Amino acid sequence: MTEVTAAPTSAALTPHQIWVRVRGLLLALLVLVAAGIALATVRSGDQHGRLDPRSADRYGSRAVAELLKERGVSIHVVTTLDDATARLGPDTTLLVASPNLLVPRQQRELRAATDSSAGRTVLLAAGPPSVRTLVPGVTAEPAGPVAPRAPECSLPAARSAGDVETGGFRYASYGLDTVGCFPSGGLPTVLLVEQGRGDTVLLGSPDLLHNSSLVNQGNASLAVQLLGSRPHLVWYLPSLTDSSAAGEDGATDGNGTPDRSFADLIPPGWSWGTLQLALAAVLAAIWRARRLGPLVTERLPVAVRASESTEGRARLYRKANARDRAADSLRSATRARVAPLIGVSLRDAHSPSILVPAVSARLSSTDDSVQTLLFGPAPSDDAALVQLADQLDTLESEVRTS
């Protein structure tokens, strides 16, 4: 008898199957990267960033910078705290675009420098932590969305500007010489604090300095008057390259360079981007995952011949090398057909203590041989499985003819 060779049992995916499954995700990733590169290229022209006086995009501030230059105000754009404080003086206005990005040590140094400069300091959208350090005696809280608001104060710049789009933060002061304008809920969104020979202006929102908002209401008038009160304007854009932001304790390495961890070099927006990519990956995995839960029996759309079903199941058993399952199926079917022939009910057809004695008595054979044939162990190889099938056929034929 020819021995039947078992088919390989590996369930590993072939390279072609792997490619078919991942090509959709790879294509989507390629499109995403290409779109990012294209967007970065398109937006890289003369745009320098949010509130940058060199930027002509909608969130830049080139428009107000040009208006100030027409009035004879010189503008110096700086990105480090040292450059900003070095240019301070009584004839200078210091605009801090993002005071909330400054670390506490930078805020303390900036406050010490502005207190002695006798100039003007303008803080844009300063929140509670930065206000607490930069302007002691003033507190900040959310003021709601940006909307046109009336000045309702005696400040000449505010009264001549009229309604202005403000919001973001509103401020309260305690024991200070202040003038509050454009209130929201009873508290001003623009606050001027007198500090000796100089002053500090708190703007709850920077929106009025954006190119897209400058022409609205009295935004341009208020911006020019607040920033153009001195002949020189230092426009401070806090940067990640500023060495003064590295480490609260000023730690340095062996070469005197500030000791900065890898996390310090990652821009804040990248953490949100990474979180969004991780969420997208999880959603893609759920989308591509197979349906979970138990198998559900469904009616076949067409009739399949019994021989084809038997051959298909046999091939599956062979592919899985499941000789034990195949042997159990053969024995179970034989027991179910033999039992009625010898007066055993189908309920007891699979009970060795009932079926084996009945078959032995019918064929005048030993119980051990019948027990091994009908309820024995699984075949060790394919040849033994074929032999078992032949023996079961012989047993059934003998029972039928006896």
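Position in the sequence shown counted from 1, then plus 1, gives you the working numbering.
Where a beta carbon is used, it is the ideal one built from N, C-alpha and C, also for glycine.
Note that the coordinates shown come from a computational prediction; the quantities given were computed from them, not determined experimentally.
Residues of its chain near L52, where Cβ-Cβ distance is below 8 Å and the 5 sequence neighbours each way are ignored
Within the sequence shown, the letter at position 51 stands for residue 52. The beta carbon of L52 lies closer than 8 Å to those of Y60, G61, S62, A98, S99, L125, P207, L210, H211 and L238 in the same chain, with the five residues before and after it left out.
Three-pair Cβ contact test at 8 Å for the stretch 169–182 versus the stretch 15–32
no
Does DSSP put L193 in a helix, a strand or coil?
Residue 193 sits at position 192 when you count from the first residue of the sequence shown. L193 falls in the strand class under three-state DSSP.
Between the C-alpha atoms of H17 and E299, what's the straight-line distance to the nearest angstrom?
In the sequence shown, residue 17 corresponds to position 16, counting from 1. In the sequence shown, residue 299 corresponds to position 298, counting from 1. Whole-angstrom Cα-Cα distance: 30 Å.
Spatial neighbours of L227 within its chain, please: CB distance less than 7 Å, with the 5 preceding and 5 following residues excluded, ordered by chain position.
The sequence position of residue 227 within the sequence shown is 226, counting from 1. Cβ within range, chain order: V123, A158 and V202.
Which residues mark the beginning and the end of the beta strand (DSSP E) in which R150 is found?
Stepping through the sequence shown from its first residue, residue 150 is reached at position 149. Unbroken beta strand (DSSP E) run through R150: V139 to R150.
Give me the Cβ distance between I76 and L234, rounded to the nearest whole Å; I'm assuming they're in contact under 8 Å.
Within the sequence shown, residue 76 is the residue found at index 75, counting from 1. Within the sequence shown, residue 234 is the residue found at index 233, counting from 1. Between L234 and I76 the Cβ distance is about 5 Å, and since that is below 8 Å, they are a contact.
What are the complete alpha helix (DSSP H) segments, minimum 4 residues, inside the stretch 39–107?
You should have 63–71 and 82–87.
Per-residue burial, Q277 [other beta carbons within 10 Å of its own, 16 or more giving buried]
Stepping through the sequence shown from its first residue, residue 277 is reached at position 276. Its Cβ having fewer than 16 others within 10 Å, Q277 is exposed.
For H233, list the residues DSSP reports as bridge partners.
Within the sequence shown, residue 233 is the residue found at index 232, counting from 1. Bridge partners of H233: S75 and T93.
When you compare each of L342, G229, F376 and L156 to S354 by their alpha carbons, which one comes out closest?
Within the sequence shown, numbered from 1, the residue matching residue 354 stands at position 353. S354 has its Cα closest to that of F376, out of L342, G229, F376 and L156.
Who are A304's beta bridge partners in DSSP?
One-based indexing of the sequence shown puts residue 304 at position 303. A304 is not bridged by DSSP to any residue.
What are the boundary residues of the alpha helix (DSSP H) that P129 is part of?
By 1-based counting over the sequence shown, the position of residue 129 is 128. Unbroken alpha helix (DSSP H) run through P129: P129 to L135.
Verify whether the separation of the beta carbon atoms of R401 and L342 is less than 9 Å.
Locating residue 401 in the sequence shown gives position 400, where the first residue counts as 1. Locating residue 342 in the sequence shown gives position 341, where the first residue counts as 1. Pairing R401 with L342 gives a Cβ-Cβ distance under 9 Å.
Alpha carbons only, please: which of G90, A119 and A328 is nearest the one belonging to Q1?
Look at the range of the chain in this structure, 2 to 403, and you will see that residue 1 is not part of it.
How many Å lie between T311 and R326 at the Cα?
Within the sequence shown, the letter at position 310 stands for residue 311. Within the sequence shown, the letter at position 325 stands for residue 326. Taking the straight line from one Cα to the other gives about 13 Å.
With which residues is P184 paired in a DSSP beta bridge?
For the purposes of this step, residue 184 is taken as residue 183 along the sequence shown, with counting starting at 1. In the DSSP assignment, P184 is bridged to P189.
On the criterion of 16 or more Cβ atoms from any shown chain inside 10 Å, does A290 qualify as buried, or is it exposed?
One-based indexing of the sequence shown puts residue 290 at position 289. Exposed, because fewer than 16 other Cβ atoms sit within 10 Å of the Cβ of A290.
Checking the sheet assignment: what are the DSSP bridge partners for L374?
Your numbering for residue 374 matches position 373 in the sequence shown. In the DSSP assignment, no residue is bridged to L374.
Compute the Euclidean distance between the alpha carbons of G257 and E67, then round it to the nearest angstrom.
Position 256 of the sequence shown, counted from the start, is the residue given in the question as residue 257. Position 66 of the sequence shown, counted from the start, is the residue given in the question as residue 67. The pLDDT assigned to G257 is 43, lower than 50, so where the model puts this residue is not dependable; a value taken from the coordinates is nonetheless given after this. Using only the alpha carbons, I get a separation of about 40 Å.
Could you give the first and the last residue of the continuous beta strand (DSSP E) run that contains A321?
Position 320 of the sequence shown holds residue 321. From DSSP, A321 is part of no beta strand (DSSP E); its letter is neither H nor E.
Whole angstroms are fine: how far does the CA of L69 sit from the CA of G145?
Here residue 145 is taken as the residue at index 144 of the sequence shown, counted from 1. Here residue 69 is taken as the residue at index 68 of the sequence shown, counted from 1. Cα atoms of G145 and L69: separation of roughly 29 Å, rounded to the nearest angstrom.
Name, in chain order, the residues that DSSP records as bridge partners for S352.
Mapped onto the sequence shown, residue 352 falls at position 351. Answer is none; S352 lacks a bridge partner.
Give the C-beta separation of P189 and R171 to the nearest angstrom, bearing in mind that I take them to be a contact with Cβ-Cβ under 8 Å.
Locating residue 189 in the sequence shown gives position 188, counting from the first residue. Locating residue 171 in the sequence shown gives position 170, counting from the first residue. Confirmed, Cβ separation roughly 6 Å.
For D391, the residue or residues it bridges with in DSSP
For the purposes of this step, residue 391 is taken as the residue at position 390 of the sequence shown. Paired residue(s): none; D391 is not in a bridge.
Under 9 Å between the Cβ atoms of E110 and S222?
Taking the sequence shown and counting its residues from 1, the one referred to as residue 110 is at position 109. Taking the sequence shown and counting its residues from 1, the one referred to as residue 222 is at position 221. Going by C-beta atoms, E110 is not nearer than 9 Å to S222.
Which same chain residues, not among the five before or five after R198, have their C-beta less than 6 Å away from its C-beta?
Within the sequence shown, the letter at position 197 stands for residue 198. Answer for R198: A119, listed in chain order.
On the criterion of 16 or more Cβ atoms from any shown chain inside 10 Å, does T395 qualify as buried, or is it exposed?
Start at 1 with the first residue of the sequence shown, and residue 395 comes out as number 394. Looking at its Cβ environment, which holds fewer than 16 other Cβ atoms inside 10 Å, T395 is exposed.
Helix, strand or coil: which one does DSSP assign to V165?
By 1-based counting over the sequence shown, the position of residue 165 is 164. The answer is strand: DSSP assigns V165 an E or B state.
Under 8 Å Cβ to Cβ from I19, same chain only, skipping five residues before and after it: list those, please.
Within the sequence shown, residue 19 is the residue found at index 18, counting from 1. Counting only Cβ-Cβ distances below 8 Å, and skipping sequence neighbours, we find nothing.
Helix, strand or coil at V123 [DSSP, three-state]:
The sequence position of residue 123 within the sequence shown is 122, counting from 1. The DSSP-derived three-state label of V123 is strand.
Within its chain, find whatever has a CB closer than 7 Å to the CB of S230; leave out the 5 residues flanking it on each side and keep chain order.
The count along the sequence shown starts at 1 and reaches residue 230 at position 229. Cβ neighbours of S230 beyond the five flanking positions: T94 and R121.
Decide if Q430 is buried, meaning its Cβ has at least 16 other Cβ atoms within 10 Å, or exposed.
Beyond the ends of the chain as shown, which are 2 and 403, falls residue 430; an answer cannot be given.
Euclidean distance between Cα positions of G344 and L356
As a first step, residue 344 is located in the sequence shown; it is residue number 343 there, counting from the start. As a first step, residue 356 is located in the sequence shown; it is residue number 355 there, counting from the start. In a straight line, the C-alpha of G344 is about 10 Å away from that of L356.
May I have the straight-line CA-CA distance separating K320 from V387, to the nearest angstrom?
The residue given as residue 320 occupies position 319 in the sequence shown. The residue given as residue 387 occupies position 386 in the sequence shown. Rounded to whole angstroms, K320 to V387 spans 16 Å at the Cα level.
Check each candidate in Q372, A337 and S403 and name the one with the smallest Cα separation from P358.
The residue you call residue 358 lines up with position 357 of the sequence shown. Minimum Cα distance to P358 is reached at Q372.
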